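The working numbering numbers the first residue of the sequence shown as 2 and each following residue consecutively.
Just so you know, even glycine gets a beta-carbon here, dropped at the ideal spot from N, CA and C.
Quick caveat, the model's predicted, so the values are computed rather than measured.
Structure first, then comments.
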Amino acid sequence: MSDEKLPKSEISRRKFVTGALGVTAGVGVLSLASVVGALKPAKRPPTAEQKPPAAGDVLVHAGDTNKGQPIKVSELKPDGQMIKAWPKGEVVKDQNDNNLLVLFRYPEGTLKEPTKMEDTAQGIVVYGGICQHLGCQVNLKDDGSLLCPCHSGSYDPKAGGEVIGGPPPRPLPQLPIEIKDDQIVVKSYYVRPRYGESVSDWQANRAEAEKGGA
Numbered sequence: 002m003s004d005e006k007l008p009k010s011e012i013s014r015r016k017f018v019t020g021a022l023g024v025t026a027g028v029g030v031l032s033l034a035s036v037v038g039a040l041k042p043a044k045r046p047p048t049a050e051q052k053p054p055a056a057g058d059v060l061v062h063a064g065d066t067n068k069g070q071p072i073k074v075s076e077l078k079p080d081g082q083m084i085k086a087w088p089k090g091e092v093v094k095d096q097n098d099n100n101l102l103v104l105f106r107y108p109e110g111t112l113k114e115p116t117k118m119e120d121t122a123q124g125i126v127v128y129g130g131i132c133q134h135l136g137c138q139v140n141l142k143d144d145g146s147l148l149c150p151c152h153s154g155s156y157d158p159k160a161g162g163e164v165i166g167g168p169p170p171r172p173l174p175q176l177p178i179e180i181k182d183d184q185i186v187v188k189s190y191y192v193r194p195r196y197g198e199s200v201s202d203w204q205a206n207r208a209e210a211e212k213g214g215a
């Protein structure tokens, strides 16, 4: 290898070319990222059947019996049995699995903290019916607790949907309700994020839900 030194002008030219190539490469990467970002499909707004629960929605039966019919308070026994429900605004919101609800009626005085008592009515409490772990539907056990069949997450519906076993990271989300004309009506959005919902999305959905059902 020669020990001959390059003139300063040659060194300057090389630095310039190298720097220019680096800038060009950087611009190319940014341009590619912009193109890839532009190619990503835009998030579609939910249909009426996919929208989350909103204030004024009526709870209707989700099971085969009386499917789509409003749940009557006068028909509910205070026996702690679980009833699956959908919220209904202009339409039944049953095209989003995350909208599935589970409803219970207990004897007065059975519910305990951290249940939001002001968001219950006549011993009736409502939760999101999807496990907070990986999104499976919860089922009622013989002992009155709720069990996720996928990974054995367990919740106490008499105590705010608190986690009492398994991997769920947080309690089931309680849905505030009130009673109007013998029907169960959504009062506002969930008291905490439901499965797969970020805090920012929960806050946005809560604000939207309080404007009224649609």
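{"Query": "Validate contact between the segment 137 to 152 and the segment 114 to 126 using beta carbons, cut 8 Å, 3 pairs", "Result": "no"}
{"Query": "Helix, strand or coil at L31 [DSSP, three-state]", "Result": "Residue placement at L31 is poorly supported in this model, since its pLDDT is 46, which falls under 50; the coordinates are not used for a value here."}
{"Query": "Best match in K73, G69, V92 for proximity to K52 [C-alpha to C-alpha]", "Result": "V92"}
{"Query": "Candidates P54, Q96, I72, P115, of which the one nearest K85 by Cα", "Result": "I72"}
{"Query": "Cβ shell of N100 (< 7 Å), same chain only, five flanking positions each side left out", "Result": "P53, P54, W87, P88, K94"}
{"Query": "Chain D contact for S199 (CB, 8 Å cutoff)", "Result": "The question asks about chain D, but that chain is absent: this structure has only one protein chain."}
{"Query": "CA nearest to the CA of C151, picked from P194, D182, C132", "Result": "C132"}
{"Query": "Boundaries of the beta strand (DSSP E) in which E119 is found, first to last residue", "Result": "Careful: E119 lies outside any beta strand (DSSP E) and carries neither H nor E."}
{"Query": "Start and end residues, alpha helix (DSSP H) containing R207", "Result": "200 to 210"}
{"Query": "For V92, the three-state DSSP class (helix, strand or coil)", "Result": "coil"}
{"Query": "Exposure of Q70, with buried meaning 16 or more beta-carbon neighbours within 10 Å", "Result": "exposed"}
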